[in-house]
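J.: Have a look at this one before I ask anything.
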Amino acid sequence: MAKSKNKHRIRWARVFGVILLIFAIIASAVAVYAVNVIRTLAADLPQPDEVKLDIQEPSVVYDRNGIVIGYLGSSAPYKYVSLEEMGPLVKKVFVGSEDHRFYSHGPVDWIGLIRAALTNLMHGSIQQGGSTITQQLARVMFNLGMETSMDRKLKEFVLAYRLEQRYTKDQILELYLNMVYFGDGCYGVETAAQHYFGKHTSELTLSEVALLAGILPAPSVRAPTSNLEAAINGRNVVLNKLLSIEAISEEEYEEAKNQTIELSQTSLVELDAKGYALDFIKNFLVENFGTDLTFSGGLSVYTTFDVKLIEGLQSSIEEYLDERDKSITGTVVLDDKGVRQPQPGAIIIDPRNGEVLAMVGGRKYSETQYNRAMAPRATGSSFKPIEYAAAVQMNMLTPFDTWVSEPIKVPIPGDTWSPHEFNNTWWGQITVREAIVRSSNIAAVKTALLVGIDAVQYYAKKFGITEEVRPVPSTAIGVNEITPLNLALSYAPFANGGYAVEPVFIKEVKNSVGVTIYKQTPWKYKVIDESTAYVMSDMLHSMFMGNAYTPKAAVDGRFLAGKSGTTSSWKDSWYVGYSTNFVYALTVGIDADIPEVKGAYKNMTTKHPGMWLWGYTARDLFKAKLIPVGPALSKPKNIVSVTVNFKDSELLGGGSQKPVSSITKPEAVPLQTSPVSWKTLSLSADLTVTYNADCSTFQPVKVLWPVPTKQEPPLEECEFIPEPPQEDEEQVEEPKEPEEQQEQETPTELEPITPTSPVTPNQKPNPNPQSKKPEKKDQKKNST
221 MAKSKNKHRI RWARVFGVIL LIFAIIASAV AVYAVNVIRT LAADLPQPDE
271 VKLDIQEPSV VYDRNGIVIG YLGSSAPYKY VSLEEMGPLV KKVFVGSEDH
321 RFYSHGPVDW IGLIRAALTN LMHGSIQQGG STITQQLARV MFNLGMETSM
371 DRKLKEFVLA YRLEQRYTKD QILELYLNMV YFGDGCYGVE TAAQHYFGKH
421 TSELTLSEVA LLAGILPAPS VRAPTSNLEA AINGRNVVLN KLLSIEAISE
471 EEYEEAKNQT IELSQTSLVE LDAKGYALDF IKNFLVENFG TDLTFSGGLS
521 VYTTFDVKLI EGLQSSIEEY LDERDKSITG TVVLDDKGVR QPQPGAIIID
571 PRNGEVLAMV GGRKYSETQY NRAMAPRATG SSFKPIEYAA AVQMNMLTPF
621 DTWVSEPIKV PIPGDTWSPH EFNNTWWGQI TVREAIVRSS NIAAVKTALL
671 VGIDAVQYYA KKFGITEEVR PVPSTAIGVN EITPLNLALS YAPFANGGYA
721 VEPVFIKEVK NSVGVTIYKQ TPWKYKVIDE STAYVMSDML HSMFMGNAYT
771 PKAAVDGRFL AGKSGTTSSW KDSWYVGYST NFVYALTVGI DADIPEVKGA
821 YKNMTTKHPG MWLWGYTARD LFKAKLIPVG PALSKPKNIV SVTVNFKDSE
871 LLGGGSQKPV SSITKPEAVP LQTSPVSWKT LSLSADLTVT YNADCSTFQP
921 VKVLWPVPTK QEPPLEECEF IPEPPQEDEE QVEEPKEPEE QQEQETPTEL
971 EPITPTSPVT PNQKPNPNPQ SKKPEKKDQK KNST
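Taking the numbering used here, the leading residue of the sequence shown gets 221, the next gets one more, and so forth.
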């Protein structure tokens, strides 16, 4: 029995000995590793005043002509400051928010580490960090990164102990505050204070210091120059922490939390024109290359922007909107965020290659950093050229075809929809050209139903619109929200002979040693044929012939075309105008549906704001030669001119109506020159739209919605775009209009006409035009 017990004891002793041996081996390995880490990384720690940070140069962003747009990185030079120079407030806030037991624990706060681990375990995610200021300094000083690994954590522990053997607590805190990253390329608290507030650290308020401390957990997200709301939220977290540990009083807390953050206006004002473009480039680079390379990698970024054009556009927009505030509203209208209303969003592109030349996202960047040039907004009638282009491309419409402006009911699932004209009157029979100029909603809806809503979706996507275009009839009148950039891209095929283009913002990016790391080549692809593009441009050119505002831009004889658009209650007012070498899309409106703002803004709509602003600003840009005269609009050889005699149409004035001449595609020319009278539009329950002819010379046209149309889409022809040729000074000979015209709220209107039967486009001509008309039968007039 005794021998059995002895054997049992010996066995456990051996096991215990093996365990001790394993622990000894592990401990020895850790000790050897720690010694190696100390020898290789921390053998020669410098004195605090000898620390030299390896601060890289900021990235430089250039425009298309080599002019500097701005710098991505701190605009203030790096400066090392002592803890005494920072002031007691900086010390209290950063210690309180980052490591409030800093002066009472060792290099590692084991109590804080255990508490953080338990908190994170309870929440199932990272809620607290257990690193001390000393550990954070070790991570920054020795570039250990943020990788979650045992190797990195062990190095951090060992170096933290080594740092506290070498430096005092105050020296460690001083090093930390001079090395840590505050976003926007700012290393060190003094650099951040100068960059964000234009002050020394000793001059900062409690609210401002708390905001800087709140940046540290996520500097790329909380930089106040790009995301002030996130920065303020971070500030409030810091203030709550300071209050909870009684580092500040309740009164100090309330005062700091209620203080308005005012960023340095010097840097923001300098960016009033260029800030939106610079922000866009910055976001692109961060997304594709990361924060470190963007802000401290010394990149050279060559963009497509034109600084002088951007500055001229922003200055002109601001001047005329200020003038409008004074002359019409008599006061400045502010929204609930204190931002002046209305606000513009503008973009200018080159339709030949998709290069973005100018971007303005608001009146002044120093007042609002929200970029409206890249914000989706309902487009109103400025979307209509897409559906008309689809109809012309499918040979279903010509400029001299006619629609009837009248009450109609369009079936929608479970109900009907009754669109109306913008002035709540009906205009009777009007040509397609006039329907575009006068922004007829009825003609637009009939055109969209004629080609099929799916065809409208198809062409919108092919033209460059990436936003959702809903398969509903109201798509025809611009209910979908689209950015000014994408709407500008959608007009490019009209200007360049039928090619959609992809947007280009950055031509090339080079690293700090001059090696190209990014390059974008323009692409284009065929979406409509050249004759369709020419017909559309011819019709859209009519907007510049009889309108009171857009002719203001016709100062140098260049070809101009475009389309206006407004949304419900004038929340947004658009104009997209173009020539052969530019497309300029502009929207002006209010940012939010606030009753007070909407009421004040409504007083500004006695004139079409978008059309008015586009006309005057485009004129300024042309006069300053910021947009040179482009090549002449090339007329395709197959375009023909046709005269239509409307003498048989009582709706258009009978014999007193003059013949209408227009260009068109030869395959769309009707076999007779007098429009026929069609029966009333009928809408069947299965969502088909049928137009029945009174005259046997034309076959009935059946249009399906939303069933896909049978029309074959144009073949895509993708190709690289060569470098654009030098600007051609040759200009299109256009009839000269008087420089000054009497201004009016809308284009001249016809007298309202009692609605009658719609006249549909001349479709599918009968090969036997001499056949007799069918006998007329009694029919009940369709109320639609």
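We put the CB at the ideal spot given by N, CA and C, even for glycine.
Which runs of the beta strand (DSSP E), 3 residues or longer, sit entirely within the segment 579 to 644?
T.: Within the segment 579 to 644, the complete beta strand (DSSP E) runs of at least 3 residues are 622 to 625, 630 to 632 and 635 to 637.
J.: Between the segment 420 to 430 and the segment 373 to 393, can you find at least three pairs of beta-carbon atoms closer than 8 Å?
T.: no
J.: Which whole-angstrom value describes the C-beta separation of V671 and M763, a residue pair presumed to lie in contact below a C-beta threshold of 8 Å?
T.: The residue given as residue 671 occupies position 451 in the sequence shown. The residue given as residue 763 occupies position 543 in the sequence shown. Rounded, the Cβ-Cβ distance is 22 Å, inconsistent with contact.
J.: CA-CA distance, Q534 and S602?
T.: Counted from its first residue, the sequence shown places residue 534 at position 314. Counted from its first residue, the sequence shown places residue 602 at position 382. If you take the alpha carbons of Q534 and S602, they lie about 22 Å apart.
J.: Which residues does DSSP list as the beta-bridge partners of V409?
T.: Taking the sequence shown and counting its residues from 1, one reaches residue 409 at position 189. Note: V409 sits in no beta bridge, so no partner.
J.: On the three-state DSSP scale, how would you describe D792?
T.: Start at 1 with the first residue of the sequence shown, and residue 792 comes out as number 572. Three-state DSSP puts D792 in a strand.
J.: Using DSSP with H/G/I as helix, E/B as strand and the rest coil, what is I726?
T.: Walking along the sequence shown from the start, residue 726 turns up at place 506. Strand.
J.: According to DSSP, simplified to helix, strand and coil, what is K783?
T.: Along the sequence shown, read from residue 1 onward, the residue named residue 783 stands at position 563. Reduced to three states, the DSSP call for K783 is strand.
J.: Count the C-beta pairs between the segment 520 to 530 and the segment 719 to 737 that are closer than 8 Å, then say yes if the count reaches three, no if not.
T.: With the cut-off at 8 Å, the segment 520 to 530 and the segment 719 to 737 touch.
J.: Using the DSSP secondary-structure output, state which residues sit across from I702 in a beta bridge.
T.: Here residue 702 refers to the residue found at position 482 when the sequence shown is read from its first residue. BP columns for I702 point to R597.
J.: Could you tell me how far apart the beta carbons of T800 and P851 are, in whole angstroms, since I believe they sit closer than 8 Å?
T.: If you number the sequence shown from 1, residue 800 lands on position 580. If you number the sequence shown from 1, residue 851 lands on position 631. About 5 Å; that satisfies the 8 Å criterion.
J.: May I have the straight-line CA-CA distance separating A595 from I702, to the nearest angstrom?
T.: The count along the sequence shown starts at 1 and reaches residue 595 at position 375. The count along the sequence shown starts at 1 and reaches residue 702 at position 482. Roughly 8 Å between the two C-alpha positions.
J.: List the endpoints of the continuous beta strand (DSSP E) containing Y291.
T.: By one-based count along the sequence shown, residue 291 stands at place 71. In the DSSP assignment, Y291 falls within the unbroken beta strand (DSSP E) covering V288 to L292.
J.: With E531 and K584 assumed to form a contact (beta carbons below 8 Å), what rounded beta-carbon distance in angstroms separates them?
T.: Residue numbering aside, residue 531 sits at position 311 when the sequence shown is read from its first letter. Residue numbering aside, residue 584 sits at position 364 when the sequence shown is read from its first letter. Not quite, the Cβ-Cβ distance comes to about 12 Å (not below 8 Å), so this is no contact.
J.: Considering only C-alpha positions, which residue in the set L760, F236 and H325 is nearest to V652?
T.: If you number the sequence shown from 1, residue 652 lands on position 432. The shortest C-alpha separation from V652 is found at L760.
J.: So, helix, strand or coil for R231, using DSSP?
T.: The residue labelled residue 231 in the question sits at position 11 within the sequence shown. R231 falls in the helix class under three-state DSSP.
J.: Under 8 Å between the Cβ atoms of P693 and A668?
T.: Mapped onto the sequence shown, residue 693 falls at position 473. Mapped onto the sequence shown, residue 668 falls at position 448. Against a cut-off of 8 Å, the Cβ pair of A668 and P693 comes out as a contact.
J.: Grab the span of the beta strand (DSSP E) containing P327 for me, first residue to last.
T.: By 1-based counting over the sequence shown, the position of residue 327 is 107. Run containing P327: none; DSSP gives neither H nor E here.
J.: Bridge partners of Q561, per DSSP?
T.: Position 341 of the sequence shown, counted from the start, is the residue given in the question as residue 561. Beta-bridge pairing links Q561 to V553.
J.: Please state the DSSP three-state secondary structure of V521.
T.: Here residue 521 refers to the residue found at position 301 of the sequence shown. Residue state, collapsed to three classes: strand.
J.: Could you round the C-beta distance between A609 and I697 to whole angstroms and report it? I think they count as a contact, below 8 Å.
T.: Counting from one through the sequence shown, the residue named residue 609 turns up at place 389. Counting from one through the sequence shown, the residue named residue 697 turns up at place 477. Actually they are not in contact, since the Cβ atoms of A609 and I697 sit about 16 Å apart, beyond 8 Å.
J.: Exposed or buried, what is L431 when buried is set at 16 or more other beta-carbons lying within 10 Å of its beta-carbon?
T.: Taking the sequence shown and counting its residues from 1, one reaches residue 431 at position 211. The residue in question, L431, is buried, as its Cβ has 16 or more Cβ neighbours within 10 Å.
J.: On the three-state DSSP scale, how would you describe E539?
T.: Mapped onto the sequence shown, residue 539 falls at position 319. Reduced to three states, the DSSP call for E539 is helix.
J.: When you compare only the Cα positions, how much space is there between D404 and A451?
T.: Here residue 404 refers to the residue found at position 184 when the sequence shown is read from its first residue. Here residue 451 refers to the residue found at position 231 when the sequence shown is read from its first residue. So the alpha carbons of these two residues sit roughly 13 Å apart.
J.: Taking only three categories from DSSP, how would you classify I810?
T.: Numbered from 1 along the sequence shown, position 590 holds the residue referred to as residue 810. Reduced to three states, the DSSP call for I810 is coil.
J.: CB T786 to CB Y540, shorter than 8 Å?
T.: As a position in the sequence shown, residue 786 is number 566, starting the count at 1. As a position in the sequence shown, residue 540 is number 320, starting the count at 1. For T786 and Y540, no; Cβs fall outside 8 Å.
J.: Considering I353, what are the terminal residues of the alpha helix (DSSP H) in which it resides?
T.: As a working mapping, residue 353 is identified with position 133 in the sequence shown. Here the alpha helix (DSSP H) through I353 covers I353 to M361.
J.: Beta carbon of G293, beta carbon of V281: below 8 Å?
T.: As a first step, residue 293 must be located in the sequence shown, where it is residue number 73. As a first step, residue 281 must be located in the sequence shown, where it is residue number 61. Contact: no.
J.: If you run the structure through DSSP and keep just helix, strand and coil, what is V803?
T.: Taking the sequence shown and counting its residues from 1, the one referred to as residue 803 is at position 583. Correct three-state label for V803: strand.
J.: Per the contact definition of three or more C-beta pairs closer than 8 Å, is the segment 492 to 508 in contact with the segment 573 to 583?
T.: Yes: at least three Cβ pairs fall under 8 Å.
J.: Taking the beta strand (DSSP E) that G648 falls in, what are its first and last residues?
T.: One-based indexing of the sequence shown puts residue 648 at position 428. Element bounds for G648: G648 to T651.
J.: Contact criterion: CB-CB distance below 8 Å. Does F779 meet it with respect to chain C?
T.: Protein chain content of the structure displayed is limited to a single chain, and chain C is not contained in it.
J.: Please look up how many angstroms separate the CB atoms of M756 and V657, rounded, as I've assumed it's under 8 Å.
T.: Reading the sequence shown from its first residue, position 536 is the one you call residue 756. Reading the sequence shown from its first residue, position 437 is the one you call residue 657. No, M756 and V657 are not in contact; Cβ-Cβ is about 13 Å, not under 8 Å.
J.: What span of residues does the beta strand (DSSP E) with Y678 cover, start to end?
T.: Start at 1 with the first residue of the sequence shown, and residue 678 comes out as number 458. Judged by DSSP secondary structure, Y678 falls outside any beta strand (DSSP E) and instead within the alpha helix (DSSP H) spanning I673 to F683.
J.: Consult DSSP for S422 and reduce its assignment to one of helix, strand or coil.
T.: The residue you call residue 422 lines up with position 202 of the sequence shown. Here S422 sits in helix by DSSP.
J.: On a CA-only basis, which of M361, I685 and V699 is nearest L707? Give me that one, please.
T.: For the purposes of this step, residue 707 is identified with residue 487 of the sequence shown, where counting begins at 1. Nearest C-alpha to L707: I685.
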